[in-house]
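S.K.:
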Amino acid sequence: MCFHTSMHVDFSVELGAEDDCLELPWASPDGALRYYDLRRQPELLLNIQEAFENEELGHFLASINSPSSMFESSKCDVWSTRELNEEELIYGAECKFACYVDLVFTYAQSRHSFEKHEELARTICGLLKRVPEISSAAEFMIRRCYFTMTPEEKQEGFGITFYLSGYGEDENAARSHWNIGLRLVENALLQISATQRK
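Numbering of the sequence shown is given in the numbering used here, commencing with residue 1 and proceeding in unit increments.
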């Protein structure tokens, strides 16, 4: 039995020397995996295996990289597991379906402003805390991001890693709650984008 609780939402700041950093563009050491600029070449979405295998994630990436958004994605992954930590037991679930997406601002001046990222994290958490009850959790982590301008020049800025988990008695139920949560985050990001452009 899965208990339906309100969506858990939080954000954190991870700028320590040992914390993970983002990089844009990026590529795996063997070149098999790499960054695709979906903002300027949306057709490259077909090259992202995670989006190809998960229609819901593909829809999210297409929307977040669209002209109506002031964000773009740089990296993502999706997975399911039955290994839940103690904090997740409040959902009364046996399975978790989860993803992460690395997000950066489209506009260069915003990419270098910590205040803009903190404002974004606070705003989106405020919006998501008002959504109907659902067995899912979202966390937004402000991280350092290195933007490669030329082979010789990198600029230091910030980005956000967004984690979303859906919980359920099996993978289908967990994925259903994850999908609803993903749509809610998408709508919140687009709402923030529309407000900022007024």
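For each residue, glycine too, the CB sits at the ideal point set by N, CA and C.
(1) Hey, out of Gly-31, Asp-20, Ile-192 and Ala-27, whose CA is closest to Lys-116's CA?
(2) Excluding the five sequence neighbours on either side, which residues of its own chain have a C-beta within less than 7 Å of the C-beta of Asn-65, listed in chain order?
(3) Where DSSP assigns a beta bridge to Val-9, which residues make up the other side?
(4) Which runs of the beta strand (DSSP E) fall wholly inside the stretch 68–125 and span at least 3 residues, in chain order?
(5) Where do the ends of the alpha helix (DSSP H) carrying Gln-196 lie?
(6) Mapping the DSSP letters down to three states, classify Ser-165 as helix, strand or coil.
(7) Can you tell me the Cα-Cα spacing of Ile-134 and Tyr-146, whole angstroms?
(8) Any contact of the stretch 86–106 with the stretch 166–178, i.e. 3+ C-beta pairs under 8 Å?
(9) Count the other C-beta atoms from every protein chain shown that fall within 10 angstroms of the C-beta of His-4, then say buried if there are 16 or more, exposed otherwise.
M.R.: Well, looking at it:
(1) Ile-192
(2) Leu-38, Arg-39, Pro-42, Glu-72 and Ser-73
(3) Ala-138
(4) 71–81 and 95–105
(5) 171–196
(6) strand
(7) 35 Å
(8) yes
(9) At His-4 the pLDDT is 45, less than 50, meaning the model places this residue with poor confidence and gives no usable figure here.
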